[in-house]
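Notes follow the structure.
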Amino acid sequence: MEHAVREEQGNLVVSFEGDVDLEHSPKAREVLLKCVAEGKNVFVDLSAVSYIDSSGVASLVEAFQSSRQRGTRFALVAVNAAALRVLELARLDKVFTIHATLPEGTRGGA
Amino acid sequence: MPEFEIKRVLQLRFPARAAELKGVRDAVREAVEGCGCSAKSTADIVLATDEACQNIIRHAYRGESDDVIEFEIEHRGDDLVFSLVDHAPAIDPSRVQPRDLDDIRPGGLGTHFIRRVMDEVEFLRPASGRGNLLKMVRRID
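Chains as they are written, first to last, in the working numbering: chain U, 244 to 353; chain W, 207 to 347.
In structure tokens form, the structure reads like this:
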């Protein structure tokens, strides 16, 4: 699993690539919680995630709950079909805010 | 006698470590696709069997170790039969239950995924009398 964090107009965009599985989800959790702790809105790009399991989903849930406690936004972006299926199985597809693309106002100005 | 041939399509033996699971998933995917499962069913089965391996690592062996997981898939007529054997102390199946999904919290989803994907899930005693045998059946769509 690879990850990248970039700031766009005051928001943090976290991108994961590869397998977010038992081996790598501790790192995903650490990255997500650190981003949320900065007090900014966090958008998680899952377009390049090839596989996500219950431990990866748990990392997303924990960061989501942490952001709610802080009153910041936490949303998923560009969730591919494989990841969406896992969220559906967990019935979390209706819990998370999911955007097809980064919402207007969070993209870097060109 | 069954009217269908029982064909073993995968047999693996690997240490109970997270780093092993990607290779296991790749092997399961190839074996299950070879039995005629759709792409969607294959992905579901890969997830459920991965979660079953994780449960063994996390709960039966109580963390990563060099203890062994034995994993076998048999193609029996319209069914795929998945057998996972560990050598950990016997678990209490009543404690391996999916949690209420309305309770939004991290963790506890693996067992739910297994129950959603598989048609039958059974905890048995291995023939050796030691450890645990998880038997799961999924009909081929």
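Even for Gly, the Cβ is constructed at its ideal location relative to N, Cα and C.
Determine the DSSP secondary structure at residue i, reduced to helix, strand or coil.
i	result
Ser309(U)	helix
Val338(U)	coil
Glu326(W)	strand
Val302(W)	coil
Lys341(W)	strand
Glu209(W)	coil
Arg231(W)	helix
Glu236(W)	helix
Asp256(W)	helix
Arg264(W)	helix
Arg249(U)	strand
Ser244(W)	coil
Leu255(U)	strand
Glu347(U)	coil
Glu251(W)	Looking at the sequence itself, residue 251(W) is Ile, so the reference to Glu does not match. It is helical.
Are the C-beta of residue i and some C-beta of chain W separated by less than 8 Å?
i	result
Arg249(U)	no
Ser293(U)	no
Leu319(U)	no
Ala353(U)	Its pLDDT being 35, under 50, Ala353(U) is placed unreliably in this model, and the value from its coordinates should be taken loosely. By this cut-off, Ala353(U) is not an interface position.
Ser258(U)	no
Glu245(U)	no
Ser297(U)	yes
Arg334(U)	yes
Is any beta-carbon of chain U found at less than 8 Å from that of residue i?
i	result
Ile310(W)	yes
Gly313(W)	yes
His318(W)	yes
Ala225(W)	yes
Ala249(W)	yes
Gln260(W)	yes
Lys341(W)	no
Ala222(W)	no
Contact check, residue i vs residue j under 8 Å by CB: the rounded distance?
i	j	result
Leu265(U)	Ser298(U)	5 Å
Glu231(W)	Leu332(U)	A small fix is needed here, since residue 231(W) is Arg in this sequence, not Glu. Contact doesn't hold; Cβ gap of about 16 Å is too wide.
Ala266(W)	Ala294(W)	4 Å
Ala321(U)	Leu289(U)	6 Å
Glu270(W)	Ala224(W)	6 Å
Ala233(W)	Leu253(W)	Wrong, their Cβ atoms sit about 15 Å apart, outside the cutoff.
Val285(U)	Val257(U)	6 Å
Gln331(W)	Leu339(W)	Correcting the residue identity first, residue 331(W) is Arg in this sequence and not Gln. Right, their Cβ atoms sit about 6 Å apart.
Asp336(U)	Leu330(U)	4 Å
Glu245(U)	Glu260(U)	4 Å
So what does residue i bridge to, in DSSP terms?
i	result
Pro221(W)	Val274(W)
Phe288(W)	Ile279(W) and Met342(W)
Phe319(W)	Beta-bridge pairing links Phe319(W) to no other residue.
Arg214(W)	Glu280(W)
Quick one: is residue i near chain C, going by C-beta distance under 8 Å?
i	result
Lys213(W)	Here chain C cannot be found, since the structure's protein chains are U and W.
- Of all the beta strand (DSSP E) runs that stay within the bounds of the stretch 261-335 of chain U, which reach a length of 3 or more residues? Whole beta strand (DSSP E) segments, 3+ residues: 285-295 and 317-320.
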